[in-house]
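Remarks on the structure that follows.
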Amino acid sequence: MLVKKYVDMLQQKSVIRTLAEFATARGKEIGYENVYDYSLGNPSVAVPEEFNATCKSLLDEMTPMQLHGYSQSLGIPEVREKVAASLNRRFGMNYTGNHIFMASGAAGALSHAFRLVAEAGDEIITFAPFFPEYNPYVNLTGAVLKVVPPQTEDFQINFEAFEEMITEKTKAVLVNTPNNPSGIVYSEETLKRLAETLERKSEEYGDTIYLISDEPYREIIFDGVQAPYVSKFYDNTISCYSFSKSLSIPGERIGYVAINPACKDAEMMVVMCGQISRGIGHNCPASLMQLAVAENIDRTADLSVYETNMNLLYDELTSLGFTCVRPGGTFYIFPKALEEDAVAFCNKALKYDLIFVPADSFGCPGYFRMAYCIDTDKVKRSLPALRKFVETEYPNR
């Protein structure tokens, strides 16, 4: 007999993927350039030429075994050292290569982080709105994901509700800043209060509550602001990173886990990641990609297009009467729908070839997400369709 929990998941397909498939099918009918697909967070800017040049150079200069053989279980040592040096240089940390574990993207990094600190029956807390895939990521480990209700006026942390949800079963708190789907960046004030709460509650329960920071959007920041580095605020932090967005290489599946050196048993936790890999199959990410990102460790793609797109959409949405907290980063914007039922709202938008994602599965009913990682020209061409949709379907807004 097939495993029931996975059979059941077939009836719970990702709404994001379902809408992306709809957009692709609609594109075959009318031309994809005429479908305003804001469903999938797939980076759209070009990979840096330097990254491509690095890959070509590595292929020309290194041996097949170096490029295509298995790496060491924890990652290629010189790559881990370069990751640590970059984090130290940029954020004033004191990592060594022994605090870094190379992983297959942020999803692979999170898979290790959860298993480092939680097991069956334990609880991990996150904050709405949140990336829906956190549910299977956590729940399929045997731990339980608990979601703090959103603070919709600014999408910072709802601390009153958060403190009520912490129990002796709480082993970790999961944050995502800059945030998918809201685009909000947690402030220093928020992170300091979060750290104080975790320190106090860890002492109260006599057990460490870890902070797991999911930060693939760390470099996509607007208005010239730099996102606070979460590990600076709390010793027992596990950072999970992906190069997918910064270098625009999501298909390469490369990232890392960085254990704060101040965390107790930090170096042992990295070695434990190698053992966790034996059970989940996320071991030894591609050697070529490890070497390539190491040579481009402080480089990014031209991410400015995302801020351009955000400004176009934010200005249009607010002029049409939408309630919307201005994003501080990422390539998502998160307006409140013009009716209580965001699913109905998004279904109506489909008639205008506008593909929006209702936020019920993000823990924030009544809102919807737009992933604006598309060409700016297409964003501009979508604005008349957005106006027509709103003026036709919601004339009395």
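When we follow the numbering used here, the leftmost residue of the sequence shown carries the number 40, and every step to the right adds one.
Built from N, CA and C at the ideal position, the CB exists for glycine as well.
Review point. Going by C-alpha distance, which of Asn-348, Glu-242, Lys-231 is nearest Phe-261?
Key: Stepping through the sequence shown from its first residue, residue 261 is reached at position 222. The shortest C-alpha separation from Phe-261 is found at Asn-348.
query = When DSSP builds the beta bridges, which residues end up paired with Gly-279?
reply = In the sequence shown, the residue the question calls residue 279 occupies position 240. Rather than Gly, the amino acid found at residue 279 in this sequence is Cys. Beta-bridge pairing links Cys-279 to Asp-253, Val-296.
Beta-carbon proximity check, Gly-147 vs His-321, cutoff 8 Å:
By 1-based counting over the sequence shown, the position of residue 147 is 108. By 1-based counting over the sequence shown, the position of residue 321 is 282. Against a cut-off of 8 Å, the Cβ pair of His-321 and Gly-147 comes out as a contact.
Does the contact criterion of 3 or more C-beta pairs under 8 Å hold for the region 145-164 versus the region 306-315? yes
According to DSSP, residues forming a beta bridge with Gly-147 = Sequence index remark: in the sequence shown, residue 147 carries index 108 (1-based). For Gly-147, which the question treats as bridged, DSSP gives no partner whatsoever.
query = How close, in whole Å, do the beta carbons of Tyr-411 and Pro-300 come, if the pair is a contact with beta carbons under 8 Å?
reply = Walking along the sequence shown from the start, residue 411 turns up at place 372. Walking along the sequence shown from the start, residue 300 turns up at place 261. In fact, because the Cβ distance is near 37 Å, the residues do not count as touching under 8 Å.
- request: Look up Phe-407 in the DSSP assignment and say whether it is helix, strand or coil.
  value: Here residue 407 corresponds to residue number 368 of the sequence shown, with the count starting at 1. Strand.
**OP:** Could you tell me which residues DSSP pairs with Ala-211 in its beta bridges?
**Re:** Sequence index remark: in the sequence shown, residue 211 carries index 172 (1-based). Note: Ala-211 sits in a beta bridge opposite Ile-163, Tyr-249.
In terms of DSSP beta bridges, what is Gly-368 paired with?
Residue numbering aside, residue 368 sits at position 329 when the sequence shown is read from its first letter. Answer is Ile-260, bridged to Gly-368.
Distance between Lys-121 and Tyr-225 (C-alpha atoms, nearest Å): As a working note, residue 225 is residue 186 in the sequence shown. As a working note, residue 121 is residue 82 in the sequence shown. Cα to Cα, the separation comes out at about 27 Å.
Just the C-alpha distance for Asp-253 and Cys-279, rounded to the nearest angstrom, thanks.
Walking along the sequence shown from the start, residue 253 turns up at place 214. Walking along the sequence shown from the start, residue 279 turns up at place 240. Computed Cα separation, rounded: 5 Å.
Nearest-angstrom Cα separation, counted from Glu-88 out to Asp-341: Position 302 of the sequence shown holds residue 341. Position 49 of the sequence shown holds residue 88. Answer to the nearest angstrom: the Cα atoms are 11 Å apart.
Residues of its chain near Ser-112, where Cβ-Cβ distance is below 8 Å and the 5 sequence neighbours each way are ignored
The sequence position of residue 112 within the sequence shown is 73, counting from 1. Counting only Cβ-Cβ distances below 8 Å, and skipping sequence neighbours, we find Gly-313, Ser-316, Asn-322, Cys-323.
Is Lys-417 closer than 8 Å to Leu-351 when the C-beta atoms are compared? If you number the sequence shown from 1, residue 351 lands on position 312. If you number the sequence shown from 1, residue 417 lands on position 378. Not a contact, by the Cβ cut-off of 8 Å.
| message | To test your reading of the DSSP string, which unbroken beta strand (DSSP E) runs of 3 or more residues are found completely within the region 292-352? | response | 294-298
Check your understanding: Cα-Cα, which of Ile-288, Ser-285, Asn-275 is closest to Ala-297?
Key -> Mapped onto the sequence shown, residue 297 falls at position 258. The residue with the shortest Cα to Cα distance from Ala-297 is Asn-275.
Using beta-carbon positions only, say whether Ser-421 and Tyr-75 come within less than 8 Å of one another. Residue numbering aside, residue 421 sits at position 382 when the sequence shown is read from its first letter. Residue numbering aside, residue 75 sits at position 36 when the sequence shown is read from its first letter. Their beta carbons are under 8 Å apart, which means Ser-421 touches Tyr-75 by this criterion.
Looking at Tyr-353 and Ile-139, is the spacing between their C-beta atoms short of 8 Å?
By one-based count along the sequence shown, residue 139 stands at place 100. By one-based count along the sequence shown, residue 353 stands at place 314. It is not a contact, given that the beta carbons lie outside the stated cut-off.
Q) Whose CA, out of Leu-58, Arg-65, Glu-68, lies closest to the CA of Leu-486? A) Within the shown structure, residues of the chain are numbered from 40 to 436, placing residue 486 beyond reach of any answer.
message: On the criterion of 16 or more Cβ atoms from any shown chain inside 10 Å, does Ser-343 qualify as buried, or is it exposed?
response: Here the question's residue 343 lines up with position 304 in the sequence shown. Result: exposed.
Next on the checklist: With three or more beta-carbon pairs closer than 8 Å as the criterion, would you say the region 365-374 touches the region 214-224?
Outcome noted: yes
| said: Going by DSSP in three states, Leu-184 sits in which element: helix, strand or coil? | reply: As a working mapping, residue 184 is identified with position 145 in the sequence shown. It is a strand residue.
Reduced DSSP category for Lys-121 - H, G, I as helix; E, B as strand; rest coil:
As a first step, residue 121 is located in the sequence shown; it is residue number 82 there, counting from the start. In this structure, Lys-121 counts as helix in the three-state DSSP scheme.
Practice task
Indicate whether the contact test is met: 3 or more Cβ pairs, each with one atom in the region 379-392 and one in the region 230-250, closer than 8 Å.
Solution key: no
Which of the three DSSP states is assigned to Met-141 in this structure? Reading the sequence shown from its first residue, position 102 is the one you call residue 141. It is a strand residue.
When we look at the beta-carbon of Arg-292 and count the other beta-carbons within 10 Å, is it buried (16 or more) or exposed? Along the sequence shown, one-based indexing puts residue 292 at 253. It counts as buried.
* Could you check what DSSP says for Arg-230 in three-state terms: helix, strand or coil? => Walking along the sequence shown from the start, residue 230 turns up at place 191. Here residue 230 turns out to be Leu, not Arg, going by the sequence shown. Three-state result, Leu-230: helix.
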